[in-house]
Structures are given as structure tokens and as C-alpha cells.
Amino acid sequence: MSEKGMHEEPLSSASKNGVTETLPMAGRVVLITGATGGIGKATAIGLATTGARVGITGGHPGRAEQAAADIRAASGNPAVDAFAADLTSQAEVRRLASDVLDAYPRLEVLVNNVGGFWAHRHQTADGLEHTFALNPLAPFLLTNLLLDRLKASASARIVNVSSGAQSMGRIDFDDLQGARNYSGQRAYNQSKLATIMFTNELARRLEGTGVTANSLHPGVVRTNFGAEDQARWFAVLSRVILPLLKTPAQGAQTPIYLASSPEVDGVTGRFFANRKPKTANKLADDIEVSARLWRVSDDLVGMHDSRWGAFRHA
Ligand SMILES: NC(=O)c1ccc[n+]([C@@H]2O[C@H](COP(=O)([O-])OP(=O)(O)OC[C@H]3O[C@@H](n4cnc5c(N)ncnc54)[C@H](OP(=O)(O)O)[C@@H]3O)[C@@H](O)[C@H]2O)c1
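Here the sequence shown stands for residues 712 to 1025, where the numbers follow the working numbering.
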């Protein structure tokens, strides 16, 4: 966490044609995961520019501090705070949640942006497959840990970054961790479908609380995506289609829209692309499979439904 950032007051107004206007996100606090680069960083710049206090997370303290400094400079808003945690580790997710709860008495927006693609199977410190641990499970745990703060700050929004790859996804409960048979693409597709199922299930559970939950596809964006362990075909294809890819600022348009636009006040449980609702994989509407995935995720993070004991599907 940046000591400097925490003591700075957010930018709350701006002058346009000699008239001072209050910025639309002034007074609101936003946390964005995976915002040291790519879509997350561009989302942070966009939301900081509109006056929010923005907390960003990254896997390494140095990179997170540097990104926070860049975002302050690009937005003109000094209230950008850096948090660092390796989100493949559940202990680190829990520490991050506790740091955020200590730093922010209010939290109006959580953007679960962190995610990635791994061509080969890797195992996390918790013994889980890397893609599943980072893409849907870390946001699942972080959101649950921050939920009481979001509810107390309502109206509040949860924005989960999925992908167009969700349309090819299916949930393989018999081999969720790809232990028997791993393919990077299959693991990614599954993880991004799981992100939407988690979002929709969350939206059902949050009905009437003033907290909304939506998911999105940012478009195909020129970032560091997949660079850590890239499939050969992906490296070749990326080079070929490079000029067609969105810039990170373009990729950030839908997350910024869902985090801040009055047009989506009260809208919940929807999947968006290009700032418009889209039909997702039809499995995402399967309440039974979503509820099962929630229970399995709950067991994997060791929450054992403690916060949701009273919840029953209508
Ligand atoms: N780019 C695309 O075309 C595309 C398309 C559809 C969906 N998406 C989704 O959009 C989201 C953002 O992707 P991007 O393209 O912007 O990716 P990116 O450039 O690779 O950025 C990923 C971010 O996540 C952080 N991160 C990665 N592993 C982490 C870990 N173990 N712990 C903590 N932080 C970690 C990185 O921080 P550090 O490196 O500093 O740790 C970085 O800030 C992802 O969910 C991705 O699946 C991207």
C-alpha cells in the first residue's frame, strides 16, 4: 500500500470552459485487481480520471507502486493506492482482503480483472491448477471477503472480467483442475465460463442488497496476456492479428462503463461486450450447475458457505 497515496485526497472536480464541475466518480472508492498493466491499468486510469479513489493490485510490490505512480500521472488524480499480492495463493488473497478492509472504510466498486492463460499445466502453492486458481477462484474468494464492506457501501458494483472464450467453455466437474487431461485453451474457456456463472449466482444471492454483479468481454486487446507461458500458435497468431487488436484504453471501455455509468444503475446478472448486454454461453443460465460450481469453489477456498448459510434459491 502506498503511504503517499493514502494521504492524498482524490481529485473531485475539474474545470471545463471556465466552469468547475464535480467529477462523476468523486467520493467513490474502487478496487481493481491485476491493474499493473493491460486492461486493468487502463481501467484504473479511466476511473481515476473521473474522480474515484482507486486501489490497484498487482503480483509484485515494485510493479504495483510503479503502476500507481503512472496512473496518478496519467489521470491527474493523486488518490491511487498500490496493493500487492500473488492471487494464486489463497493466503495472499486473504491478506489482500484484510489490507483493503484496513485501508478503505468504504468500497463502492470491485473490478475483478486479474486473469491469464497458461499453455501448460502449473500448480499453485495451494495445490490447485493455476488458471482455475487465478481466473475464477481468486475473485470468488476476494469478493466474498469484501462483500460486507461492499454491502455497507451500497449502492455498489462488482464487475468481473470474463472473455469471449466463455462461449466455448464447459465445466468439467470430473477434472476441474485438468489433472488428468490439461489443455491451456480448455482451462481458459472453462475459467471464463466459471467467471460468468459465479457472477450470475452472486447477482441472485445479492438481490435486494443494492450491490450489483455483472461480467464482460473486453474485446481482443493488445496486452501482456498469455506471455508468461504462451502456446506457439498463439504467439504466431498474435503477431498476425496485432494491428486488429484493441488498445488497452479501448479494452477498458466496458469495465469502466459497468463500474461507473448511471445507465447500468441497478442492472445485475448480465454479460456485456462493447458496453452492450450480450447473450453468454447458455450454461451460464443453468442455476443448478452454477450452484454446484459455487459449492465446489466454496470448498476449494475453505469458506464452507459460512456467509451464505441462510441463502436458498427461489
Ligand atoms: N487481452 C485480451 O485480449 C483479453 C481478452 C479477453 C479477456 N481478457 C481478460 O482480461 C483480463 C486482463 O487481461 P490483460 O490482457 O490486461 O492481461 P495482462 O496484460 O497479462 O495483465 C494481467 C494483470 O494481472 C496481474 N497478475 C497476473 N498474475 C497475477 C498473480 N498471480 N497475482 C496477482 N496479479 C497477477 C498482472 O500483474 P503483475 O504482472 O504485475 O503481477 C497484471 O496486472 C484477464 O482476466 C483476461 O483473461 C483479456
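Using N, Cα and C, we set each Cβ at its ideal position, and we do this for glycine too.
Quick caveat, the model's predicted, so the values are computed rather than measured.
- DSSP places P988 within a strand segment (E or B) once states are collapsed to three.
- Cβ contact annotation for R805 (same chain, cutoff 8 angstroms, sequence separation greater than five): L852, L856, in chain order.
- Counted as a single uninterrupted DSSP element, the beta strand (DSSP E) harbouring L821 occupies residues 820-823.
- T747 has its CB nearer than 6 angstroms to a heavy atom of ligand 1.
- Counted as a single uninterrupted DSSP element, the alpha helix (DSSP H) harbouring N911 occupies residues 895-916.
- For E732, the enclosing beta strand (DSSP E) covers residues 730-733.
- Going by C-alpha positions, D859 is about 22 angstroms away from A737.
- Between the beta-carbon of L722 and that of L734 there is about 7 angstroms, and that keeps the pair under the 8 angstroms contact cut.
- Across the set G745, S726, V765, I756, the C-alpha of V765 shows the shortest separation from the C-alpha of E719.
- Contact between the region 973-981 and the region 765-785 is absent, with fewer than three C-beta pairs closer than 8 angstroms.
- Taking C-beta separations shorter than 6 angstroms and ignoring five residues to either side along the sequence, the partners of K957 in its chain run G930, V932, following chain order.
- Taking the Cα positions, A795 is about 5 angstroms away from G770.
- Along the length of the region 826-906, whole alpha helix (DSSP H) runs at least 4 residues long occupy 849-863, reported in chain order.
- For G889, same chain residues with a beta-carbon under 6 angstroms away, outside a window of 5 residues either side, are R832, E840, A898 in chain order.
- DSSP places R1006 inside the alpha helix (DSSP H), whose first and last residues are 998-1012.
- The C-beta distance from A793 to K752 rounds to 12 angstroms, too long to meet the 8 angstroms contact threshold.
- Take N823, set aside five residues on each side of it, and the residues of its chain with a beta-carbon closer than 6 angstroms to its own are T744, P850, N871, in chain order.
- Taking the Cβ atoms as the reference, A830 lies roughly 5 angstroms from D940, within the contact range of under 8 angstroms.
- Using a Cβ distance threshold of 7 angstroms, G980 and A914 count as a contacting pair.
- For F794, the enclosing beta strand (DSSP E) stretches over residues 791-795.
- Shown here, T760 sits in a helix according to DSSP, grouped into three states.
- A Cβ-Cβ separation of about 6 angstroms places S873 in contact with H928 under the 8 angstroms criterion.
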